[in-house]
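S.K.: This note's numbering puts the first residue of the first sequence at 238, with every later residue one more than the last.
Each residue gets a CB set at the ideal place from its N, CA and C atoms; glycine is no exception.
If you're wondering where the values come from, they're calculated on a predicted model, not measured in any experiment.
Quick one: the structure is below, questions incoming.
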Amino acid sequence: MSRNILVCVAWPYVNSEPHLGHIAGMNVPADIFARYHRLAGNRVAMVSGSDMHGTPTALRAVDEGVKPEDIAFRYHDVWSDCMQRMGFAYDLYTHTHTKIHEEVAQDVMLTLDKHGFIYEDTQLMPYSETEDRFLSDRFVEGICPACGFDGARGDQCDGCGRTLDPSDLINIRSIRDGSTPVFRETTHLMIKLSAFQEQLEKWVRTKNDWRPNVRNQTLGFLNEGLHDRAMTRDIEWGVPIPFEGYDKKRIYVWFEAVIGYFSATKAWAIESGREDDWKEFWHDPDAESYYFQGKDNIPFHTVLWPAMLMGYGGLNLPTDVVANEYLNLDGQGFSSSRNWAVWLPDYLERYDVDPLRYYLASIMPESSDSDFTWEGYLAANNNVLVATLGNFVHRTLTITTRNFDHKVPVPGELAPQDQSVLDACEQTLDDVANSIETRHFRRALYEAMELARVGNRYLDAEEPWRTVKSESDKAAKTLWTALNVISTLRTVFYPFIPFSCDKMHDLLGFDGATATDGWQKRVVEPGSSLPSPKPLFRKLDPEIVEQEHERLLAQQSDN
RNA sequence: GGCGAUGUAGCUCAGCAGGUUAGAGCGAGCGCUUCAUAAGCGCUAGGUCACAAGUUCGAGUCUUGUCAUCGCCA
């Protein structure tokens with residue numbers, strides 16, 4: 238029976254281009270998951286977009302002296318383009334500066350208010366008299382009272398890492414013009430998170446299949462007791478607030494960005510011409526929803542967003558929040574500001590997509606931080622993709638086309654060793670499916686590659702290049718079987734390296750497309766014709782490792 | 001400071017309802033093979049399972065403490 242699967246991917250701040258650290262733990266696993274489920278015959282909606290209203294975007298605009306929307310749209314376009322080129326098959330990749338998002342976010346706010354979960358609260362905030370506006374915490378800096386670091390922000394000190402309040406800062410000043418702000422009272426809307434405490438605890442305790450850090454961190458967070466939280470702030474970049482007296486304030490971005498999952502599903506339904514389709518994913522109690530995140534985002538998706546959904550009423554809570562750890566680069570965290578990054582647009586200019594998708598999936602930070610290295614990338618490409626998978630496909634097709642006149646051999650009755658290889662295909666389909674279902678992506682990838690090894694061992698044992706000369710019947714069985722292994726590889730690898738699988742599809746002379754052949758071994762038709770084989774992957778020159786290292790260093794000194 | 005996760009062969013990771021000589025892939029060494037992008041297949045080497053104490057007949061596997069890394073909260 239077909240299931241409804243909503244795949245939600247974290248919304249990136251658009252204050253820089255995407256780098257590999259951004260996509261490794263979120264877009265890559267989400268796309269694997271979504272592609273698998275589509276193949277398995279389930280109804281999938283994969284949505285995300287750019288978080289346009291993040292403070293970093295507004296800050297960058299200040300730095301460059303332009304409007305926040307200039308920054309936001311500039312990088313949204315880059316992200317959008319990269320998502321597409323990477324083959325991340327979103328049903329909709331949108332952004333939060335849209336009419337529908339504004340409407341949905343405001344509706345959520347109004348509904349929470351109607352249900353009694355919102356109240357007003359007054360607090361003291363820094364106010365710039367020169368600019369006649371409040372300064373939110375990231376717009377002020379000063380000396381950290383704890384460590385004396387000059388340049389601590391209103392929310393945190395970069396010197397000692399301590400969390401701060403603007404009123405803690407010594408010699409507080411505006412980062413916009415350096416003037417000294419005064420503290421004035423300002424009124425904000427608060428959400429009663431405390432009202433959801435018990436309901437959330439009960440819900441999380443049922444989630445035994447969540448990853449340990451997600452579940453335990455959430456329980457720990459709840460254990461400390463939920464504090465009500467401001468959902469508006471004094472800033473002019475963001476979604477307007479549908480209440481009297483709030484025209485100079487905006488919805489706090491944490492509150493509004495998570496609503497993007499919901500508004501984007503609605504937007505997708507409208508754009509696809511079936512306005513009510515979003516209900517299949519948000520109202521149907523059997524629908525499943527999976528949220529792919531970085532580890533820094535866990536409480537937002539396991540506590541705050543579910544609380545909002547509970548308060549709104551009638552909408553599905555997350556089935557799982559699949560949070561990954563971080564990807565590092567040569568042992569150090571990716572950093573946009575230090576320019577320590579492999580930027581995606583830059584990568585795409587010089588290399589192919591699938592080797593990156595493959596390598597990132599193979600080192601996916603599922604249980605701990607992992608490390609991208611160009612040595613590792615080279616090894617994954619040359620020693621595994623080319624040598625194991627590419628070579629198996631290519632050697633099989635080469636022997637077959639040369640000796641059987643570009644036709645699929647007619648196998649006749651199979652021998653036991655042939656049958657056991659076909660059984661291994663079925664087993665691999667089951668194993669990979671099960672691993673992806675349970676969100677073990679590295680294991681799934683390993684299991685898929687294991688089938689290519691089975692194929693290589695099988696060819697070595699059967700030696701079709703030899704039997705084809707003396708026992709043509711036997712060679713026909715071997716090669717037909719091996720072609721069916723390729724057909725299976727095409728399917729089980731499709732979630733990971735779709736472009737290469739489409740090539741395999743063509744090399745087998747198949748009509749239609751891998752994407753519509755289902756999660757099954759499509760039997761290769763005896764007697765059908767085969768095109769001339771071409772290698773699936775390019776072997777890379779080991780020199781790229783040194784070149785890329787130099788490139789990284791050069792880009793740092795440019796900085 | 002509190003909480004959470006992680007720490008197993010050179011690298012990336014399995015193993016963890018406690019139980020014979022701790023596993024895989026890549027890398028390394030040796031051998032076989034030649035259909036294949038000098039690819040494949042087989043064999044071998046290599047680990048005080050972060051450290052310390054404890055529970056147990058027996059502990060990477062449970063308990064406690066320490067250290068390190070990352071994240072969250074204060």
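Please state the DSSP three-state secondary structure of M320.
M.R.: In the structure shown, M320 sits in a helix (DSSP, three-state: H, G or I).
S.K.: With H, G and I counted as helix, E and B as strand and the rest as coil, what does DSSP make of V540?
M.R.: Looking at V540 - three-state DSSP - the assignment turns out to be helix.
S.K.: Between the Cα of P779 and the Cα atoms of E612, L552 and R322, which residue gives the shortest distance?
M.R.: Nearest of E612, L552 and R322 to P779, Cα basis: E612.
S.K.: Does the beta-carbon distance from V623 to K776 come in below 8 Å?
M.R.: Yes, these two residues count as a Cβ contact at 8 Å.
S.K.: Apply the 10 Å Cβ neighbour rule to R694 and answer buried if 16 or more other Cβ atoms are within range, or exposed otherwise.
M.R.: It is exposed - the Cβ of R694 has fewer than 16 other Cβ atoms within 10 Å.
S.K.: According to the Cβ coordinates, are S724 and L773 closer than 8 Å?
M.R.: Cβ distance not < 8 Å, so S724 and L773 don't count as in contact.
S.K.: Less than 8 Å between the beta carbons of I478 and R466, yes or no?
M.R.: Taking 8 Å as the Cβ cut-off, I478 and R466 do not qualify as a contacting pair.
S.K.: Is D446 closer than 8 Å to D523 when the C-beta atoms are compared?
M.R.: No. Outside cutoff.
S.K.: Rounded to whole angstroms, how far is the Cβ of L349 from the Cβ of C381, which I believe are closer than 8 Å?
M.R.: At roughly 36 Å, the Cβ-Cβ gap does not stay under 8 Å, so L349 and C381 are not in contact.
S.K.: Roughly how many whole angstroms lie between the Cα atoms of N450 and S769?
M.R.: Cα-Cα distance, rounded: 50 Å.
S.K.: Kindly indicate which residue of V246, T625 and E461 has the alpha-carbon position closest to the one of P555.
M.R.: The shortest C-alpha separation from P555 is found at V246.
S.K.: Does DSSP put K304 in a helix, a strand or coil?
M.R.: Of the three classes helix, strand and coil, the one that applies to K304 here is coil, per DSSP.
S.K.: Could I get the ranges of all uninterrupted beta strand (DSSP E) runs contained in the region 319–373, with 3 residues as the minimum, in chain order?
M.R.: Taking only runs of at least 3 residues, the beta strand (DSSP E) segments lying wholly in the region 319–373 are 329–332 and 355–365.
S.K.: Return the bridge partner residues of R487 from the DSSP annotation.
M.R.: R470 and P477, per the DSSP bridge assignment.
S.K.: Looking at the secondary structure, which residues open and close the beta strand (DSSP E) in which N408 lies?
M.R.: Taken as a continuous stretch (DSSP letters only), the beta strand (DSSP E) holding N408 covers I407 to S411.
S.K.: Could you give the distance in angstroms between the alpha-carbon of L426 and the alpha-carbon of T469?
M.R.: For L426 and T469, the distance between alpha carbons rounds to 6 Å.
S.K.: Taking the continuous alpha helix (DSSP H) assigned at E811, which residues delimit it?
M.R.: Outside the shown range of the chain (238 to 796) lies residue 811, about which nothing can therefore be said.
S.K.: Who pairs with G379 in a beta bridge, going by DSSP?
M.R.: Partner(s): A389.
S.K.: In the DSSP assignment, what residue or residues form a beta bridge with V281?
M.R.: BP columns for V281 point to I242.
S.K.: Beta-carbon within less than 8 Å of L696's beta-carbon, same chain only, minus the 5 sequence neighbours each way: which residues are those?
M.R.: Here the set comprises F629, R632, T633, T715 and A719.
S.K.: Roughly how many angstroms separate the alpha carbons of G388 and L257, rounded to a whole number?
M.R.: C-alpha separation (whole angstroms): 29 Å.
S.K.: Quick check: G291 and Y563, are their CB atoms within less than 8 Å of each other?
M.R.: Result no, Cβ atoms of G291 and Y563 do not sit closer than 8 Å.
S.K.: Please identify the residue among E422, A271 and D369 whose C-alpha is closest to the C-alpha of D414.
M.R.: It is D369.
S.K.: For I781, which residues in the same chain have their Cβ closer than 8 Å to its Cβ, ignoring the five residues on either side in sequence?
M.R.: Counting only Cβ-Cβ distances below 8 Å, and skipping sequence neighbours, we find W611 and L615.
S.K.: How is the beta strand (DSSP E) around N565 delimited, first residue to last?
M.R.: Residues L564 to L566.
S.K.: Look up D557 in the DSSP assignment and give the residues it is bridged to.
M.R.: The partner list for D557 (beta bridge, DSSP) reads Y527.
S.K.: Below 7 Å CB to CB, which residues in the same chain sit around W316 once its five sequence neighbours on both sides are set aside?
M.R.: P249, V251, P255 and S287.
S.K.: Name the DSSP beta bridge partners of I428, please?
M.R.: In the DSSP output, where bridge partners are listed per residue, I428 has I355 and R466.
S.K.: Which residues in the same chain as Y330 place their Cβ atom closer than 7 Å to its Cβ, once the five residues preceding and following it in sequence are excluded?
M.R.: Excluding positions up to five away in sequence, the list reads S285, G286, S317 and M320.
S.K.: What does the alpha-carbon distance come out to for the pair Y683 and A560?
M.R.: Taking the straight line joining both Cα atoms gives about 21 Å.
S.K.: Would you call the region 588–605 and the region 651–666 in contact, with 3 or more CB pairs under 8 Å?
M.R.: As far as the Cβ criterion goes, the region 588–605 does not touch the region 651–666, which means the pair count is below three.
S.K.: Where does T610 sit, in a helix, a strand or coil, going by DSSP?
M.R.: T610 falls in the coil class under three-state DSSP.
S.K.: So V722 and L688 are supposed to be a Cβ contact under 8 Å. How far apart are they, rounded?
M.R.: Correct: roughly 7 Å between the Cβ atoms.
S.K.: Assign M503 to one of two classes, buried (16 or more other C-beta atoms within 10 Å of its C-beta) or exposed (fewer than that).
M.R.: With the sequence shown as reference, residue 503 is identified as Lys, and Met is not the correct amino acid for it. When all chains shown are included, K503 counts as buried.
S.K.: Between the Cα of G627 and the Cα atoms of S509, Q434, M741 and G391, which residue gives the shortest distance?
M.R.: The option with the nearest alpha carbon to G627 is M741.
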